[in-house]
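Asks: Those letters in the sequence shown? Residues 0 to 177, by numbering that gives the first Met the number 0.
We put the beta carbon where it would ideally sit given N, CA and C, even for glycine.
Just so you know, these numbers come straight off a predicted model, no measurement behind them.
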Amino acid sequence: MKVISLSTPELEGPDADQFEVIGTKSTFRLAQRPSSYVVLQYDRPIIKRKGAKQPLPSPVPFNVLDRSFADVSLLVGLLVDKFLYHLPLYRQHQRMGHSGITTSRTTLTTLTQRPIELLRPIVEAQLANILRSKVLAMDETPIKAGKATKGKLKQSWFWPLYGDQDEVVFTFSSSRGR
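1) Which residues does DSSP pair with MET178 in a beta bridge?
2) If you run the structure through DSSP and keep just helix, strand and coil, what is SER172?
3) Am I right that TRP158 and PRO141 are in contact with their C-beta atoms under 8 Å? What's the rounded C-beta distance?
4) On the criterion of 16 or more Cβ atoms from any shown chain inside 10 Å, does GLY162 qualify as buried, or is it exposed?
5) Starting from HIS97, trace the alpha helix (DSSP H) in both directions and tell me its first and last residue.
6) Within 10 angstroms of its Cβ, does GLN112 collect 16 or more other Cβ (buried), or is it exposed?
7) Pick from SER25, THR108, LYS24 and PRO114: whose alpha carbon is nearest that of ASP65?
8) With a Cβ-Cβ cutoff of 9 Å, do LEU77 and GLN91 count as a contact?
9) Just reading off the alpha helix (DSSP H) that ARG113 is part of, what are its end residues?
10) Whole-angstrom Cβ separation of ASP80 and LEU39, contact assumed at under 8 Å?
11) To which residues does DSSP link LYS153 through a beta bridge?
12) Just the Cα atoms here: how many angstroms apart are LEU102 and GLN31?
13) Please report the distance separating the alpha-carbon of LYS1 from that of PHE27.
14) State the Cα-Cα distance for the pair GLY12 and PHE18, rounded to the nearest angstrom.
15) Determine the extent of the alpha helix (DSSP H) in which LEU219 is found, giving its start and end residues.
16) Per DSSP, which residues does VAL167 bridge with? Please list them.
17) If I measure Cβ to Cβ from ILE184 and keep anything under 8 Å in the same chain, skipping five residues before and after, which residues do I get?
Okay, structure coming up:
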């Protein structure tokens, strides 16, 4: 919450000494700060042992993706915006551009694919646990998906599976069979 203290003209005019503050009234408004980006600069000291000619190595701070400029907060933000808030990457790309960040859409695609691959073992373990459930709920959701061939998409299916431990995994299949 940000508190904004307002003044009144009576307390600033020539007759200000004729008034006293006896309390405050508050009005609340919901405001929005646009999403923002920041470049983190990690300064590492370069040191050498006295009398030595060569400096000691100065290791780069750990990052979730090796040799990537993206901080974990950016990766999480991309995934949350895409999958929770259904904000496509091209719109996220536009938003970055409006904030003065220049990158390619291909880079954003890569920055979402790599963390998804890191999460794959978790999804597989969760699916295995769901399949061990005593009670299993499942839904068949048909969608048109796949690489377009002359303007045609293939019929495909989402299969959300729900286990008895409140776990859900969404599987995808291009056919109704296994």
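Replies: So, from the data block:
1) The first residue shown for the chain is 0 and the last is 177, placing residue 178 beyond what the model contains.
2) Reading the sequence shown from its first residue, position 173 is the one you call residue 172. Three-state DSSP puts SER172 in a strand.
3) Counting from 1 along the sequence shown, the entry for residue 158 is found at position 159. Counting from 1 along the sequence shown, the entry for residue 141 is found at position 142. With a Cβ gap of about 11 Å, TRP158 and PRO141 do not count as contacting.
4) In the sequence shown, residue 162 corresponds to position 163, counting from 1. Classification for GLY162: buried.
5) If you number the sequence shown from 1, residue 97 lands on position 98. For HIS97, the uninterrupted alpha helix (DSSP H) run begins and ends at 88 to 97, by DSSP.
6) Indexing the sequence shown from 1 puts residue 112 at position 113. Exposed, because fewer than 16 other Cβ atoms sit within 10 Å of the Cβ of GLN112.
7) Position 66 of the sequence shown, counting from 1, holds the residue named residue 65. Checking every option, the nearest Cα to that of ASP65 belongs to PRO114.
8) Residue numbering aside, residue 77 sits at position 78 when the sequence shown is read from its first letter. Residue numbering aside, residue 91 sits at position 92 when the sequence shown is read from its first letter. Going by C-beta atoms, LEU77 is nearer than 9 Å to GLN91.
9) For the purposes of this step, residue 113 is identified with residue 114 of the sequence shown, where counting begins at 1. ARG113 -> alpha helix (DSSP H) spans 104 to 130.
10) For this step, residue 80 is matched to residue 81 along the sequence shown. For this step, residue 39 is matched to residue 40 along the sequence shown. A Cβ-Cβ distance of about 19 Å is found for the pair ASP80 and LEU39, leaving them out of contact under the 8 Å criterion.
11) Position 154 of the sequence shown, counted from the first residue, corresponds to residue 153. In DSSP, LYS153 forms a bridge with ALA144.
12) Walking along the sequence shown from the start, residue 102 turns up at place 103. Walking along the sequence shown from the start, residue 31 turns up at place 32. It is worth fixing the name first, because residue 102 is Thr in this sequence and not Leu. Going by C-alpha positions, THR102 is about 25 Å away from GLN31.
13) One-based indexing of the sequence shown puts residue 1 at position 2. One-based indexing of the sequence shown puts residue 27 at position 28. Approximately 10 Å, taken between the alpha carbons.
14) Taking the first residue of the sequence shown as position 1, residue 12 is located at position 13. Taking the first residue of the sequence shown as position 1, residue 18 is located at position 19. GLY12 and PHE18 have their C-alpha atoms roughly 10 Å apart.
15) With the chain covering 0 to 177 only, the question about residue 219 has no answer from this structure.
16) The sequence position of residue 167 within the sequence shown is 168, counting from 1. Assignment of beta-bridge partners to VAL167 by DSSP yields TYR161.
17) Residue numbering for the chain in the displayed model covers 0 to 177; residue 184 lies beyond these limits and cannot be assessed.
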